[in-house]
Every structure is written in C-alpha cells, then in structure tokens.
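Protein chains: 2
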Amino acid sequence: MSKIAKNSKQIDDKPTILITNDDGITAPGIAALIAVAKQYGRVVVVAPDAPQSAMGHAITIGKPLRLNHVNLFGDVEAYQCSGTPVDCVKIAVDKVLHKKPDFCFSGINHGSNASINIIYSGTMSAAMEGAIEGIPSIGFSYEDYSFDADFSLAQQVANDVIHKMISKQIPQKALYNVNIPKISIKKYKGIKACRQANAKWNENFVERLDPTGKKYFWLTGEFQNRDKGNDTDVWALTHGYASLVPIQYDLTNYDLLSNIKI
Amino acid sequence: MSKIAKNSKQIDDKPTILITNDDGITAPGIAALIAVAKQYGRVVVVAPDAPQSAMGHAITIGKPLRLNHVNLFGDVEAYQCSGTPVDCVKIAVDKVLHKKPDFCFSGINHGSNASINIIYSGTMSAAMEGAIEGIPSIGFSYEDYSFDADFSLAQQVANDVIHKMISKQIPQKALYNVNIPKISIKKYKGIKACRQANAKWNENFVERLDPTGKKYFWLTGEFQNRDKGNDTDVWALTHGYASLVPIQYDLTNYDLLSNIKI
C-alpha cells in the first residue's frame, strides 16, 4: 500500500508539459521536441491539424473549433485542433488539461524565428500565450526549413535549454525564444543569451494572372538585418551559436512615454 | 505659370496617409477614420474585404491574395484585399503606393484594443507593420463594439491625436495605441499618455454538439486586469480619458537578460 502510494506520488510529481507548434501535428519538428520533452515529465500534445505558419497571435472567434484525439506519438497523449497555434494553447488549458501545465514548449519550428520573425510566428505566439497564462514557456526554431532536416543539433539544444529551465539554471518563470543554427554539430559553439536583432522583411509581391486571366499577388520578401550589434540573436546564429532571447509582452515604449507631454 | 507651379508644389507637400483596419472595408469605423484623416492629406485605403478581427500579426504566405479597387468613399482611392490587416499594409506599400506613405492609421476599431488586446488585434498589428516599415503609425480603437455606434467622440480623439502627430506635438517617428472610452462627450476628460496594463483573457470554451452530433468548441473569455496602477490604459479608459500608449516591437526582456548566466 505504502509502495503504491509512493509510486503514485512520484507520478504526481512529474511536471505536465504541453507541446504545440505551428507547422502542424504531422511536422517532423514536433516529434523531435516530444522525444526530448518526454524525458522530463508527462507530455500532452495539442497542435494544429494543418500547417499554420505565419499566423502570429491570431485566435479564432468567428467560428467553432474541432479537437480530436490522435495516435501519432506512441504512449504520448495527443490531440489535433482545427484552430491556430494560440487557440491550441487556450483549448489545451481549458478543455484537455483542465488546468495550467507546468511548462509549455512550442516547436521545433521548421525555419528561424529569430529577430522580427517572432512577431509573425505562430510557434512563438503559442509560447507567448503560455507565458501570458503564467506558464514557463519556450519556443524552439531550427534554421532548416526542410521537412527532411536532421534535427540532431536542434534536439541537443532543446534538451540543454529544457534542462536549464526545469533545474532553474535560468530563470524559470519566463518566456524564451530559442533558435538553432543550421550547422554541423562539430561547428556548434553553445547557447548564447541575446537580445532581439532590429531587422525587417522587405516585401516583394509576385504578380501573376490566374487561369481565368485575373490578377493575383503572392507575398515574398527579403530579410534585412538593420542591426550591427554582436549581442543579437541574428549575430549568434551566424557565428555558430544557438540564440536564447528572453521575451516579454509589455509593448509599451517606456523611453518614448517619458518624452510625451499632452 | 508660377501660380500653377505653386499649387502643384502644395499638392506634392500634402502627406500620403494609408488607412486600414481589421473589421473590413465596409465597417463604419474605417469610414469615420477616413473622414478625419482626409483633412490632413491624400488618403489611400487598403483594407480587408471581410472582417479579420483577432488575426494578430498573421500574414498570408501559403496562398495568393486578391486586390480590387472599390468606390466606397467618394473621391478617396480605396482597395479591398483578401488578406489579413498586415497583408494590407504590405501590399499597399509594394503594389498600390509603390513607396512608403508618410503616415499609417488603422481603425477606428469596433472594440477596445487596450492592454493585452494589442497582441491579438489585427488593427494594432497593421499599425505595427507600418511602424516596422518605418512609417509613423497609429491604431485607433473605440470601446463600443456595435456597428451602430456613435463615432463622434472617437473622431474627435482621432482628430486630436493625428493633429498632434502631424504637427510634431508628440514624437512623430513612433507607433501609438489609442483607445477611446464609451462615454458621453460631456464626461470626456482628454487624452492620457499611459503604459499597457498587465491583463489577460481567461478563456472559456463553450462546448456544443453540431447538427450531426459531433462536438465543437467556441472560444469565449473574460478579461482580467491584474494591474492596480493608475498609469495604465485600462485605468485611463475607466476614468473618462482616451488612452495613448507608445508601442515598440523589440520584445526582448532586458531585465531578465541581465540575470541570465549560461
């Protein structure tokens, strides 16, 4: 009896870890993150049923959502949701877990979310929603966009950062944007704490005619780093480091606020 | 000849003002903003062809966009776009204006975008996209959600703030989140520069069965202000002021960054 009690206590002590992403529940990157996270606790997955890249912090208010159990990750409980990445976090807390998880990890994204990409990224917005809920949260992104990418280095970095958060080697009550460079493990130099680089995308819409002769536009763009600093996430990624940027969601420009006289 | 030259110089000197929103091009709020802004320069409208509330900073990368000229606002040049509010700003710069406008104004939103609402708001994300492009930008939102709302006070505030930005009474190279309270003009006390209140939405999904017996979920929520300060946008709105919050898009948590040792 005491043994059973002890075992169930041990099970209760394991943290509950919510995992989501924006590439969709079938993306290799989320499977790579689940494999890492399940070493640290009870993993529950709620992720979009289709790709939702560049959805930013969109939520679904004008139509209903579907949520279905899926059997994709062995013994890991998983659900696909018809909503956005942020919807997935909200419905996970309210309707799947019925409580806040201990941690929320998002990714591993196929493609960088360094610098201004954080604003457009569904993966980082899901992690930010976790943080707004008060859940220690991390978004992981890997510079390689390919679905055939080798996630070995990304998994190594995710494991390092998750271990540091759970063991409180870095502040736990926080939100981090972690990006992993597309380099060989031999060239990898470690994790660097950084600030967000000041960069933007210069849009360039491709203009074409559809089969009925009507004009359409397709968004493309070119990344422009306007930041010369060697303390940014973009600098870190181009110099062999994984970048770790602590993130906040108070968007007040306090410097400017102090200069306003009305 | 000299008179014509002088006149055309005057026309060239008029600023170009881009106007967008997230409630869609037929929403009364955008017409209210156009009526104010056209006093200050050449207004060009590019707005979603359907409501896009709560789209956050979403952009459309996986499918094409349509852009069509519409004749809704008298002599004001206007286009409806099938994309998100942020798409509208991008396509306006690249394919309509072929340059950056002098100002970008978004709204007037039907419903408050104070505090954490800025994160979810398509109206504020469109203004932020303007700011990322380097365009002085303002998002305007009115606490009244109704399409039958009386926009008199909202227009008065928008006019005040636009005048202050164009005449540089407040810093011009900036992004502002302006919210207007739902009160009578008699009770209105003026504009207050504020910080973003620390608040969140507690989600509460309504669970129902569809006509075929399958479960669906619909997002609802309750706004929770966790901030006791009397210097926030929520405080201002509940005390008879319009709130003006200067906004930035560097999400780095610098306090936390200084505490990280890796």
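Residue numbers (our numbering), protein chains in the order written: chain S, 1 to 262; chain L, 1001 to 1262. Backbone N, C-alpha and C fix where the C-beta goes; we use that ideal spot for every residue, glycine too.
Only buried fits His-1057/L, as 16 or more other CB atoms lie within 10 angstroms of its CB.
Within chain S, Leu-251 have C-beta atoms less than 8 Å from the C-beta of Ile-1118/L, given in sequence order. Per DSSP, reduced to three states, the secondary structure at Ala-1035/L is helical. Pairing Ser-1152/L with Ile-1185/L gives a Cβ-Cβ distance under 8 Å.
The region 1088-1105 of chain L and the region 1032-1042 of chain L touch, with no fewer than 3 CB-CB distances between them shorter than 8 Å.
The C-beta of Lys-1164/L has 16 or more other C-beta atoms within 10 Å across all chains shown, which makes the residue buried. Identification of chain L residues near Pro-171/S by a Cβ-Cβ cut-off of 8 Å yields Leu-1256, Asn-1259 and Ile-1260, ordered along the chain. For Leu-1018/L, same chain residues with a beta-carbon under 6 Å away, outside a window of 5 residues either side, are Val-1044, Ala-1092, Pro-1101 and Cys-1104 in chain order.
In the same chain as Glu-1129/L, and ignoring 5 residues on each side of it, the C-beta atoms closer than 6 Å to its own belong to Val-1086 and Val-1089, in chain order.
For the pair Pro-181/S and Ala-242/S, the CB atoms are nearer than the 8 Å cut-off. Leaving aside the five residues that flank Ile-118/S on each side, the residues in its chain whose CB is nearer than 6 Å to its CB run, in chain order, Met-124 and Asn-177. Ranked by Cα distance from Ser-137/S, the first of Lys-14/S, Asn-21/S and Asn-204/S is Asn-21/S. Cβ contact annotation for Val-157/S (same chain, cutoff 7 Å, sequence separation greater than five): Val-178, Ile-180, Ile-191 and Ala-242, in chain order. In the three-state reduction of the DSSP assignment, Val-234/S falls in the helix class. Its Cα nearest to that of Leu-1065/L, the residue Ala-1047/L stands out among Phe-1073/L, Ile-1135/L and Ala-1047/L. The three-state reading of DSSP puts Ile-1138/L in strand, counting E and B together. Separation of the CB atoms of Ser-115/S and Gln-196/S is rounded to 6 Å, and the pair is thereby assigned contact status at 8 Å. Of all residues in the region 1044-1060 of chain L, those with a C-beta nearer than 8 Å to a C-beta of chain S are Pro-1051, Ser-1053, Ala-1054, Met-1055, Gly-1056, His-1057, Ala-1058, Ile-1059 and Thr-1060, reading in chain order. Between the region 138-148 of chain S and the region 198-213 of chain S, the count of C-beta pairs closer than 8 Å stays below three; the two stretches do not touch.
Straight across, the Cα-Cα distance linking Pro-15/S with Arg-42/S is about 6 Å. DSSP places Leu-1209/L within a strand segment (E or B) once states are collapsed to three. Against chain L, the beta carbon of Lys-90/S has neighbours under 9 Å at Trp-1201, Glu-1203, Phe-1205, Leu-1219 and Gly-1221, listed in chain order. Close to Lys-95/S, with beta-carbon spacing below 8 Å, are these residues of chain L in chain order: Phe-1205, Glu-1207 and Phe-1217. Counting along the chain, Ser-152/S sits inside the alpha helix (DSSP H) bounded by residues 152-166.
Counted as a single uninterrupted DSSP element, the beta strand (DSSP E) harbouring Ile-1019/L occupies residues 1016-1020. Of the candidates Gly-1240/L, Asp-1023/L, Asp-1233/L and Gly-1029/L, Gly-1029/L places its Cα closest to the Cα of Asp-1150/L. The DSSP-derived three-state label of Ser-1121/L is coil. Think of a sphere of 7 Å around the beta carbon of Ala-1193/L: the chain S residues whose beta carbon falls inside it are Leu-257, Ile-260 and Ile-262, in chain order.
Contact between Cys-1081/L and Leu-1067/L is confirmed by a C-beta separation of about 5 Å, below the 8 Å threshold.
For Lys-214/S, there is no enclosing alpha helix (DSSP H), since its DSSP letter is neither H nor E.
Restricting attention to Ile-61/S, Ala-50/S, Cys-194/S and Ile-25/S, the CA atom closest to the CA of Val-70/S is found in Ile-25/S. Judged by DSSP secondary structure, Ile-1108/L falls within the beta strand (DSSP E) whose first and last residues are 1103-1110.
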